[in-house]
Amino acid sequence: METVLTLLMVVAVWQLLRVRYQRTHIALLGHHLASLQLERHIETLTQGHTRAIQEKDETRQIQVLETFGLTERAVAAQVQSLADAMQKESAQDTSMSALPFCVPYAERFLPSALRDFRKLLHIHAAGLRHALDNEGRWDAKTRAYHLSAELYLLQHSCHWFCKSRAVANARLLLRHQVNHQKVLESVTAMTRASYLQWVQDAPSGPAVH
Numbered sequence: 563m564e565t566v567l568t569l570l571m572v573v574a575v576w577q578l579l580r581v582r583y584q585r586t587h588i589a590l591l592g593h594h595l596a597s598l599q600l601e602r603h604i605e606t607l608t609q610g611h612t613r614a615i616q617e618k619d620e621t622r623q624i625q626v627l628e629t630f631g632l633t634e635r636a637v638a639a640q641v642q643s644l645a646d647a648m649q650k651e652s653a654q655d656t657s658m659s660a661l662p663f664c665v666p667y668a669e670r671f672l673p674s675a676l677r678d679f680r681k682l683l684h685i686h687a688a689g690l691r692h693a694l695d696n697e698g699r700w701d702a703k704t705r706a707y708h709l710s711a712e713l714y715l716l717q718h719s720c721h722w723f724c725k726s727r728a729v730a731n732a733r734l735l736l737r738h739q740v741n742h743q744k745v746l747e748s749v750t751a752m753t754r755a756s757y758l759q760w761v762q763d764a765p766s767g768p769a770v771h
């Protein structure tokens with residue numbers, strides 16, 4: 563009986579720490595998003611691009627996509643603004659765990675499992691600009707496909723930072739009916755290479771206290 567009570571206490575304390583830790587990440591990201599219209603623009607683009615991709619007539623695809631030109635540029639600019647703003651935050655405040663689940667205050671004792679959310683945002687900003695400028699010279703449908711994947715991956719990263727990788731995976735599947743691996747395969751090669759390098763790279767230097 564004592565063992566059960568001890569385990570229940572440990573679980574309760576863990577849950578309390580997890581919620582408190584996640585709230586700090588949510589508050590930090592929310593603070594920087596408050597002055598932007600990024601979430602609304604992303605919703606507009608993901609829905610619009612999906613509609614365009616489903617169009618069988620190429621002329622109609624182009625017509626639909628052209629209506630989102632201003633919104634595409636606004637998203638790219640605001641993601642860059644978010645990345646620049648988050649760069650001013652500390653490494654401790656912007657660290658996130660590479661583990662599937664949330665480990666509260668992992669920066670204090672698991673430095674090798676940490677990744678820098680600031681770097682990840684800059685990868686997203688560069689990837690969106692690359693796709694937006696159509697540097698791969700894709701046709702309209704392929705460009706829209708890559709842009710949608712870039713936005714899905716950005717949303718996944720924000721959920722990962724705020725909650726955990728497992729929660730981000732689940733939300734991606736629930737919201738867009740696509741898994742993380744498929745999204746990663748669908749972004750541009752430049753984004754995919756940078757992202758995979760970020761996932762693999764452990765931070766250098768001692769743990770942040």
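All the letters of the sequence shown, read from the start, carry residue numbers 563 to 771 under this note's numbering.
Even glycine gets a Cβ: it sits at the ideal position worked out from N, Cα and C.
Cutoff 6 Å; reference residue i; Cβ partners in own chain excluding five residues on either side
i: Ser-726; result: Phe-663, Cys-664
i: Leu-735; result: Asn-741
i: Leu-578; result: none
i: Leu-690; result: Ala-638, Val-641, Glu-712
i: Met-649; result: The sequence given here has Gln at residue 649, not Met. Around Gln-649: Arg-680.
Residue i, enclosing beta strand (DSSP E) - first and last residue
i: Ser-657; result: 657–659
Contacting residues, own chain, Cβ-Cβ under 8 Å from residue i (five flanking each side not counted)
i: Gln-640; result: Leu-598, Gln-599, Leu-600, His-603
i: His-721; result: Val-729, Ala-730, Arg-733, Leu-734
i: Ser-659; result: Val-665, Ala-668, Leu-672, Ala-675, Leu-676, Arg-677, Ser-726, Arg-727
i: Pro-768; result: At Pro-768 the pLDDT is 41, less than 50, meaning the model places this residue with poor confidence; the figure from the coordinates comes in the next sentence. Correct list, in chain order: Pro-673.
i: Thr-608; result: Ser-710, Leu-713, Tyr-714, His-738
i: Gly-610; result: Val-626, Leu-627, Thr-629, Phe-630, Thr-633
i: Arg-635; result: Leu-694
Span of the alpha helix (DSSP H) around residue i
i: Arg-699; result: From DSSP, Arg-699 is part of no alpha helix (DSSP H); its letter is neither H nor E.
i: Leu-734; result: 727–738
i: Pro-652; result: The displayed chain sequence assigns Ser, not Pro, to residue 652. Looking at the DSSP string, Ser-652 is not in any alpha helix (DSSP H), and its letter there is neither H nor E.
i: Gln-743; result: 742–748
i: Asp-646; result: 631–648
i: Glu-628; result: 620–628
i: Ala-614; result: 600–616
i: Ala-751; result: 751–762
Beta-bridge pairing of residue i - partner residues as DSSP gives them
i: Leu-676; result: Ser-659
Own chain partners of residue i with C-beta closer than 7 Å, once the 5 adjacent residues on each side are dropped
i: Arg-754; result: Leu-746
i: His-587; result: Phe-723, Cys-724
i: Gln-642; result: Ala-687
i: Arg-705; result: Ala-693, Asn-696
i: Glu-617; result: Gln-623, Val-626
Residue i beta carbon near the ligand ZN (any heavy atom closer than 8 Å)
i: His-593; result: Among the ligands in the structure shown, none appear at all, so the ligand ZN cannot be discussed.
Short CB-CB distance (under 9 Å) between residue i and chain D
i: Lys-618; result: The structure shown contains no chain D; it is built from a single protein chain.
Cβ-Cβ separation, residue j to residue i (assumed contact under 8 Å), whole Å
i: His-594; j: Leu-676; result: Between Leu-676 and His-594 the Cβ distance is about 20 Å, and since that is not below 8 Å, they are no contact.
i: Ile-615; j: Tyr-707; result: 6 Å
i: Ala-638; j: Leu-694; result: 5 Å
i: Leu-627; j: Ala-702; result: 5 Å
i: Ile-685; j: Ser-748; result: Actually they do not touch by this definition, with Cβ atoms about 16 Å apart.
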